[in-house]
Every structure is written in structure tokens, then in C-alpha cells.
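Contents: one structure, followed by commentary.
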Amino acid sequence: MRMHRFKIFLAVLLSTGFLIASACMFTCSSYAATEAQIKVLDPRGELYSAPAMPINVRLQTLTGKKIGILNNTKPGADSFLPFLLQALKEAYPTIEFKTWTIPYNVYPNKANDLKALAAWSDGVIGLLGD
Amino acid sequence: MAFVEVPHPMGMISLPEIRAKADAAFPKIVQMATQWKPAGTAVQKITPPYPAERIKFRGTYEALNKMFYDKGWSISLPVIPPTPEAVAAMLKGTTRKPGEVVWAVPPRMGQLTVELVAAYGVMAGCKPEHMPLLLAIVKAISDDNYDWRGNSTTTAPTNPIIIINGPILDELGIAYSTGDMGGEMPVNISLGYFINLVGDIIGGSIPPDVDKSTQGSRGDLVALVFGENEKLNPWKQSYAVEHGFKPTDNVVTAFSAYLGTNNTDHTSVKGKDLLNTMAVGAAGVASGITSCLSRYDVPFSWQNSVKYMFFFLGPEHADTIYKDFPTKLSVEEYLVKKTALPLWGYSPSQCTLPKEFGPYDENTMIPRFTKPVQIHIVVTGGPGKQSQIWPPFPTGTRPVSVIVEK
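Here the protein sequences come in this chain order: A and B. Residue numbers for the first sequence follow the working numbering, beginning at 1 and rising by one. Residue numbers for the second sequence follow the working numbering, beginning at 1001 and rising by one.
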């Protein structure tokens, strides 16, 4: 009789253990730990390719050239500009300067202002301050 | 193009220090102007932007997110995997062709197709019915007047802000009442996360290159998206209607903001008194870069900077103001007059007063604005005595409003 009770107890114990183990297989394993094979999209996006433009020919010398100075209006550019012009003038006395103040942000006539700068200049030095 | 880099800083240093920097840089500038040649003539491989490449991955969700992060395909928070099935389901929310390029996102100039809008929508937790709204948001923030390039690369802490008007608010469950600008509103947050995923991954604006934000802001992670509480707007004229749209239009308004401030006036009974305390807050935000007597119709310059301001009025504050100011225009006119700083509060060189201004000294109060059109009023949020005031990123930006096309 005692042996029979022990067998029942053992069976109940094993069954309970099996049920707990089975439940854990489905619920205790976290979603994050479950391996799977999936496909995903590469979200980076292909780069926009602007039309290729040849690089401008470099000036052989700055002597006697018309140098457009592009000030993009960021603070710092205007502080640096006078010293740069002074140094250039000392090194190349026949150099000619004209400064264009063209803000760095988008505004309606910006493209035309840049074209005017390019049309006047043999070369351009841009000052991108901050 | 050839560059010579002059070490930071250039501002807030003495003239002899600037001179020394100019002298040090000079030989290199001359060399670049006369001798520089490109290092090579690499031909860039052109790949069509559609369809996006499909990648096979085996591993856990955690490992997938790590892979996304390591590849620069996500930012600081986990994403929902953009599987082809999930993206196809999102695409059912629009009639636009998946291969259509809707934006080359600066500064990286990655091409954002409709398919990738859907992919980012999935990643951010959006639903297919959000697709028209996502496309409208993209249209607004890609507008030149938003200046995405500037605000995503600047040293300043900028925040994309999206305000939504129209029946779509209730249709999609976009929050516009209690806590709507906070973090517990799933639709608003998903829409905001979408914006930053697009900007950072396709646009490539990650610090330190090329997002140069000195300190950054939490707006770099989840943009601020919320609706106007049109039902509790005492003027019965929503922001969108005030700006020319119909009450039945679904409208997205976007602007790039500097960090805002809060008004917690619990005691003013009169509208005038409440607007006075709001004007104090508005006068102080974006300090150091604001100009006096700014003009909306004149291009940006450092002497015409921070040209407008948004006031997000809590409904109770709006009610208090409405009692004494029955039109929005009257509110705007009052705030133009009262939003002022003493001359000493403006950064030197950013407040040059015209002769017709008359006599002044450093303590003279100088208004920041000149026209009512510079004041933007939106009623949003739930009960409480709170409002927020947000200045714009101060370049040539303007708020951009577009209709959500279904």
C-alpha cells in the first residue's frame, strides 16, 4: 500500500515537472533569444549622383588675377577675411579682390549670386566660418 | 574642391589670435589655389535606388538589432525589422509607386524612395494607414524653407517639430490632449522616430560627422509630433485654417526648432497679464543668436535672425487669453510689442538700431519682432496651466504646411 502511494506520488511529481518544463519551453524562452532566419531591407538608400563636372583648371599664379572672395556670412569668416586679404595683397601686389556676401542658407536669388561671382572671378576663395 | 581647415574656434577670440591663424593657414591657401590636383578620378558606381537590397539574416531579434546598429541602419533605440512582407503591407497604405524617389536626403544625399518610406515606417512602428501622413511629413521637411541640410549639420541643438491639423487626428489616434508632446503617445512617437531614422540613416547626420551638434538634443532621436487641440481652441480657428487651409483639410506643418521653454503661469487672471509672462519667455529663448526688430520678409542674416516664434498654448491658457483677446491677430500684435529684450541682452552686432528708432541706451527695451505674421499660435494639450514657446532654427527657415494627400 505504502509502495503504491509512493508510485502515485512519483508519477504526480514527474508529471508536474514535465508540465513545468514544457511550459517553460514556450513561455520562459524570451522572444529576444529566439533565433530565426528572416529577410530585411537594407534601408540606407542609394546615393544621389550629381552630374559629373570636371574640376576647374588651377591658376598657375595669383599675380594679377581677379580673386572673388565668398563670405558665407557665418561668424568667424568675417573676422578671418581682413587678415587673409592683407596677406594676399602683401604677397601678390597686383591681385584684385571683390567680396561677395552670399549667405549659406537657401534663398531665392542664391544661384544668380553664385553665377555672378563665378563670372567675375579668375579664382574663388570661399570662407566657411562658424 | 580643395579645402584648408583652420582649427576651431574662430569666434570669441582676439584679433591677434585670428591673425596668427590666418598667417599659419596662408601658405596652404596659396598652395590649394595654385597647385592642388584631385587625388584620383574615381567613377562612382550608380545603383538604381529601387528596389532596396534584401539581406538574409539568421539570429535573434537582439542580434538583428545589433547588426542594424553596427551597420548604421538604426540609431539608439531598437527597430522593428523591415521584412519584405511588413514593407509590402505598409505600401498598401498608399497609391504612390514604390520606386518613386521622394527626396535625396542631405547631407549624405541618400535617395528616399516610397518603398524606403514604408521600410522606415515599419522600423519606427507605424501602420499602413500612416503612409499618406509619412509622405506628407517628408514633403514638408524636404522643402527648402525647412532647411534640412542646415539644421541636421549645425552645431546647434535642433528639433524637428511637426504639428498636425484636421480630421486625421481622430482617425489615426494622433494625440493632441493631455501629454501629447510627451513620450507616451505611440502614434506620435512612431511618427517622430520615423523622421529621425530617415534623417540619420539615409541623410547621414550622425555626430560627430556630419552632425556637428555641440551638445545635441533629444530631438535628435524622436522628433516632436503632435496635433492641435482644435476642439478646445477658443478662437475656433485652427493653425491650419489661419494659414489658408479648410477645416476639413488634413495638414502637416513642419519647422525646425531650437530648444523651447515653458510658461507655468497659474495666477494671471487677465489675458494681458498672461501674455506678459509669455513674452518674457519668448524674449529669452534662442539667446545669443536673436536679432532685434527682425523682419519676416527680409532674407536671413546675422542682423535678421530668429524671425518667428511658435506659442503652443495649453487650452486653459488659451481660454484666459481669449477673454481679453478675441482674435488671434490681437494676440499676435500684443506679443510683437511685448516680446522685447534690453539692448544689452542682444549679442553685440546683432542689434543695429535704425536712426528712426530714436534715442536709446543699453537698458532700452527693443522688440524682437516687427509684424504679427511672425507669431504662430497653436492650441494643444489638456487641462493645466502650461504652455510652451519654441523658437526656430535661425537661418532662412519658415514653417512649411502641406496637405496630407490620401
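Glycine included, each C-beta is placed from N, C-alpha and C at the ideal position.
By the neighbour-count definition (other C-beta atoms within 10 Å, threshold 16), Ser1256 of chain B is a buried residue.
Taking 8 Å as the cut-off, the Cβ atoms of Glu1228 of chain B and Ile1321 of chain B do not count as close. When the Cα atoms are used, Ile1046 of chain B and Pro1106 of chain B turn out to be separated by approximately 18 Å.
Around the beta carbon of Gln60 of chain A, fewer than 16 other beta carbons sit within 10 angstroms, so the residue counts as exposed. In this model, Met1123 of chain B and Val1252 of chain B are separated by some 21 Å (Cα to Cα). At a Cβ-Cβ threshold of 8 Å, Pro1160 of chain B and Ala1254 of chain B count as neighbours.
Burial state of Leu1015 of chain B is exposed, judged by a 10 Å Cβ sphere holding fewer than 16 other Cβ atoms. In this model, Gln1388 of chain B and Phe1312 of chain B are separated by some 5 Å (Cα to Cα).
Relative to Asp1147 of chain B, the option among B:Pro1132, B:Arg1398, B:Asp1200 whose CA is nearest is B:Arg1398. Chain B has a Cβ within less than 8 Å of the Cβ of Glu35 of chain A. Interface annotation for the stretch 62 to 75 of chain A against chain B: Leu62, Thr73, Pro75, criterion Cβ-Cβ distance under 7 Å. Lys89 of chain A has its alpha-carbon roughly 47 Å from the corresponding atom of Ala1140 of chain B. Within chain A, not a single residue places a beta-carbon under 9 Å from that of Asp1324 of chain B; the smallest gap is close to 38 Å. Spanning the alpha carbons of Gly1150 of chain B and Thr34 of chain A requires a straight line of approximately 43 Å. Sixteen is the threshold: since fewer than 16 other Cβ atoms of the shown chains lie within 10 Å of the Cβ of Pro1208 of chain B, the residue is exposed.
Here Phe1003 of chain B is exposed. Its C-beta has fewer than 16 other C-beta atoms within 10 Å. When the Cα atoms are used, Gln1215 of chain B and Gly129 of chain A turn out to be separated by approximately 19 Å. With its beta carbon less than 8 Å from one in chain A, Met1123 of chain B belongs to the interface.
Contact between Val1006 of chain B and Phe80 of chain A holds, with the beta-carbon distance rounding to 7 Å and staying under 8 Å. Only Trp1073 from the stretch 1064 to 1075 of chain B bring a Cβ to less than 7 Å from some Cβ of chain A. With respect to the C-alpha of Pro1372 of chain B, the residue from B:Val1331, B:Ile1403, B:Ser1349 having the closest C-alpha is B:Val1331.
In summary, the residues of the stretch 39 to 65 of chain A whose CB is separated from some CB of chain B by less than 7 Å are Lys39, Val40, Leu41, Asp42, Pro43, Arg44, Gly45, Glu46, Leu47, Tyr48, Ser49, Ile55, Arg58, Leu59, Gln60, Thr61, Leu62, in the order they occur in the chain. Of the candidates B:Ile1080, B:Pro1081, B:Lys1037, B:Val1030, B:Val1030 places its Cα closest to the Cα of Tyr92 of chain A.
Here the stretch 50 to 59 of chain A does not lie against the stretch 101 to 113 of chain A, with fewer than 3 beta-carbon pairs under 8 Å apart. For the C-beta of Ile125 of chain A, the chain B residues within less than 8 Å are, from N- to C-terminus, Ile1029, Ala1033.
Secondary structure of Lys1337 of chain B (DSSP, three-state): helix. A direct Cα-Cα distance of roughly 28 Å separates Ala1033 of chain B from Thr1155 of chain B. When DSSP reads this structure, Ser1256 of chain B sits in a beta bridge with B:Pro1160. Annotation for Ser1387 of chain B: the continuous beta strand (DSSP E) segment containing it runs 1387 to 1390. Contacts with chain B (Cβ-Cβ distance below 7 Å) from the stretch 97 to 127 of chain A involve Pro103, Asn105, Val106, Tyr107, Gly123, Ile125, listed in chain order.
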